[in-house]
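4 protein chains.
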Amino acid sequence: MDQATLADLLARCRAFRDARDWQRFHSAFNLIVSLNLEAAELLEFTQWQSEQGLAERLESDPDAKQALAHECADVMMYLLMLSDAAGIDLYRSVIDKLAINEARYPADKARGVSTKYRDL
Amino acid sequence: MDQATLADLLARCRAFRDARDWQRFHSAFNLIVSLNLEAAELLEFTQWQSEQGLAERLESDPDAKQALAHECADVMMYLLMLSDAAGIDLYRSVIDKLAINEARYPADKARGVSTKYRDL
Amino acid sequence: MDQATLADLLARCRAFRDARDWQRFHSAFNLIVSLNLEAAELLEFTQWQSEQGLAERLESDPDAKQALAHECADVMMYLLMLSDAAGIDLYRSVIDKLAINEARYPADKARGVSTKYRDL
Amino acid sequence: MDQATLADLLARCRAFRDARDWQRFHSAFNLIVSLNLEAAELLEFTQWQSEQGLAERLESDPDAKQALAHECADVMMYLLMLSDAAGIDLYRSVIDKLAINEARYPADKARGVSTKYRDL
Chain A
33 MDQATLADLL
43 ARCRAFRDAR
53 DWQRFHSAFN
63 LIVSLNLEAA
73 ELLEFTQWQS
83 EQGLAERLES
93 DPDAKQALAH
103 ECADVMMYLL
113 MLSDAAGIDL
123 YRSVIDKLAI
133 NEARYPADKA
143 RGVSTKYRDL
Chain B
33 MDQATLADLL
43 ARCRAFRDAR
53 DWQRFHSAFN
63 LIVSLNLEAA
73 ELLEFTQWQS
83 EQGLAERLES
93 DPDAKQALAH
103 ECADVMMYLL
113 MLSDAAGIDL
123 YRSVIDKLAI
133 NEARYPADKA
143 RGVSTKYRDL
Chain C
33 MDQATLADLL
43 ARCRAFRDAR
53 DWQRFHSAFN
63 LIVSLNLEAA
73 ELLEFTQWQS
83 EQGLAERLES
93 DPDAKQALAH
103 ECADVMMYLL
113 MLSDAAGIDL
123 YRSVIDKLAI
133 NEARYPADKA
143 RGVSTKYRDL
Chain D
33 MDQATLADLL
43 ARCRAFRDAR
53 DWQRFHSAFN
63 LIVSLNLEAA
73 ELLEFTQWQS
83 EQGLAERLES
93 DPDAKQALAH
103 ECADVMMYLL
113 MLSDAAGIDL
123 YRSVIDKLAI
133 NEARYPADKA
143 RGVSTKYRDL
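Sequence lines, in order, name chains A, B, C and D.
Per this note's numbering, residue 33 is the first one in the first sequence, and the count goes up by one each step.
Per this note's numbering, residue 33 is the first one in the second sequence, and the count goes up by one each step.
Per this note's numbering, residue 33 is the first one in the third sequence, and the count goes up by one each step.
Per this note's numbering, residue 33 is the first one in the fourth sequence, and the count goes up by one each step.
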């Protein structure tokens, strides 16, 4: 399977970073902190909101959807840079973790329930 | 550029979800909360740690690096599912946000400093 | 008004800390990270939950309520230690911030709406 | 020991809330989300910062210290409101949790190390 897109996104993030000489700031530690701050920007969309209310807002308000897309992008960029800083193959990690989750959440036991694997 | 890999990862996440009939839980709201919880699992790596200490740990302890890779995977999976739930093209969003950041952080002004764009 | 209780809680947290020689770890930086990790433990209570569902769970399940109380305590302890490390009077800070919020959210404009002050 | 201060702070927060008819928004669920957002505001102080760098900034920059104090206040207010919404006695919870921590982290084993209790 072609890894073109993740590699492409990573290459663009690296080019952006290196044009600004920012690699010195991009330790795994710092990138984890920044990723958490961007995750909190996503969490803002849920503040004083219901599940249904957010769904409707994203349906009806293109600016809100666009803003959410940009926050998703921020998380993605930090995730790519973090993987890069830590020497992690993000694609391979997802494949591996899905296999672990397959074992933790057998489809017949986990169907239709949101129970944690420890309690299944 | 081929989008194969993000599409491939998303297809795998969807297959995992649908085999368990979990789409009912996968609202944008719920996925944002779960993404934040996984981001916090990443943040645990920084607890009582220095920047240098974490870098050395990831160098010298393959289990720690593997654990970090799995947490990165968790964030990635929720980010893919969130984009899917909200009808967002994650690849396009990163390209767009990088263009915005190019304008916010001109290379000549931002070189070597971690100042926020509002203060540049 | 007597400040006994916050002072009492802080004195107990300090005694706990100093009996373990942990002051060396208790920089503002580290305490902020740990406070965020404890906040995430609170956030776990909202995972795959509705607002109503969590309210009912806290009503009907004393163990869940007890677990929530302990997570609240963890946040409180880190908040006291953080204030201590940064030389902040937590009581005074709340009084000050309430006054700011009084100005930002005039009662007649803010009544019954959850709008951010920037948009009021 | 007198509980005056926590009770006093809670009474002030309640008065602020009720003057705006905000109790309808103040479910445990919503307050947990908002507390996490305020915790993230604290985390911003650690972004692109070292432990030493933040300590020096708080020493030398009264505005930064003031800003940190206000973020601490925001966490405190949400914590009081959350305890109130969930029927939790915050003071009692801290006393209880300190007793648990005393057992988990015996002073002679935990002295000078930041190891988690599971690994002590």
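Beta carbons: idealized from backbone N, C-alpha and C, even for Gly.
Note that the structure is predicted; figures quoted are calculated from it, not measured.
Does DSSP put residue i in a helix, a strand or coil?
| i | result |
| --- | --- |
| Asp50 (chain D) | helix |
| Val126 (chain D) | helix |
| Tyr149 (chain A) | helix |
| Asp106 (chain D) | helix |
| Ala43 (chain B) | helix |
| Ile120 (chain D) | coil |
| Arg143 (chain C) | coil |
| Ile132 (chain B) | helix |
| Leu114 (chain C) | helix |
| Asp34 (chain D) | Per-residue confidence for Asp34 (chain D) stands at a pLDDT of 40, beneath the threshold of 50, marking its modelled position as unreliable; the derived number appears in the next sentence. Correct three-state label for Asp34 (chain D): coil. |
Going straight from the alpha carbon of residue i to that of residue j, what length do you get?
| i | j | result |
| --- | --- | --- |
| Thr117 (chain D) | Ala60 (chain D) | In the sequence as displayed, the identity of residue 117 (chain D) is Ala instead of Thr. Looking at the two C-alpha atoms, the distance is approximately 6 Å. |
| Leu41 (chain D) | Ser66 (chain C) | 24 Å |
| Tyr137 (chain D) | Ile64 (chain A) | 28 Å |
| Trp54 (chain A) | Leu114 (chain A) | 13 Å |
| Ala142 (chain B) | Asp151 (chain C) | 31 Å |
| Asp34 (chain A) | Arg44 (chain A) | Residue placement at Asp34 (chain A) cannot be trusted, given a pLDDT of 40 that sits under 50; the coordinates are not used to answer. |
| Ile6 (chain D) | Ala139 (chain C) | Absent from the model: residue 6 (chain D). The displayed extent of chain D is 33 to 152, so no value can be given. |
| Ala47 (chain B) | Gly144 (chain A) | 14 Å |
| Leu119 (chain C) | Ile127 (chain B) | Here the sequence assigns Gly to residue 119 (chain C), which means Leu is not the residue at that position. Cα to Cα, Gly119 (chain C) sits roughly 44 Å from Ile127 (chain B). |
| Ala39 (chain D) | Ala87 (chain A) | 38 Å |
| Lys148 (chain A) | Lys97 (chain C) | 19 Å |
| Ala105 (chain D) | Gly85 (chain C) | 29 Å |
| Asp93 (chain B) | Pro94 (chain A) | 46 Å |
| Glu91 (chain B) | Glu91 (chain D) | 34 Å |
| Arg7 (chain D) | Asn62 (chain D) | Within the shown structure, residues of chain D are numbered from 33 to 152, placing residue 7 (chain D) beyond reach of any answer. |
| Arg89 (chain B) | Met109 (chain C) | 28 Å |
If you measure between the beta carbons of residue i and residue j, is that distance less than 8 Å?
| i | j | result |
| --- | --- | --- |
| Glu103 (chain B) | Glu73 (chain B) | yes |
| Leu130 (chain B) | Leu122 (chain B) | no |
| Trp80 (chain C) | Ser125 (chain A) | no |
| Leu100 (chain A) | Asn68 (chain D) | no |
| Ala135 (chain B) | Val107 (chain B) | no |
| His58 (chain A) | Arg52 (chain A) | no |
| Thr37 (chain B) | Thr78 (chain A) | no |
Residues in the region 43 to 69 of chain B with C-beta within 9 Å of chain C's C-beta atoms, listed in sequence order?
-> Phe57, Asn62, Val65, Ser66, Asn68, Leu69
Just list the alpha helix (DSSP H) runs in the region 54 to 102 of chain A, keeping only unbroken ones of 4 residues or longer that don't cross its boundaries, in chain order.
-> Taking only runs of at least 4 residues, the alpha helix (DSSP H) segments lying wholly in the region 54 to 102 of chain A are 60 to 75, 83 to 92.
Identify each residue in the region 71 to 83 of chain D for which the Cβ-Cβ distance to at least one residue of chain A is less than 9 Å, and report them in chain order.
-> Ala71, Ala72, Glu73, Leu75, Glu76, Thr78, Gln79, Trp80, Gln81
If you measure beta-carbon to beta-carbon, which residues of the region 114 to 132 of chain C are closer than 9 Å to chain D?
-> Leu114, Ser115, Ala117, Ala118, Gly119, Ile120, Asp121, Leu122, Tyr123, Arg124, Ser125, Val126, Ile127, Asp128, Lys129, Leu130, Ile132
Mind listing which residues of the region 88 to 103 of chain D have their C-beta closer than 7 Å to chain B's C-betas, in chain order?
-> Sequence-ordered contacts of the region 88 to 103 of chain D with chain B are nonexistent [C-beta pairs closer than 7 Å].
Could you list the residues in the region 140 to 151 of chain D with a C-beta less than 7 Å from some C-beta on chain C, going in chain order?
-> Of all residues in the region 140 to 151 of chain D, Ala142, Arg143, Gly144, Ser146 have a Cβ within less than 7 Å of some Cβ in chain C.
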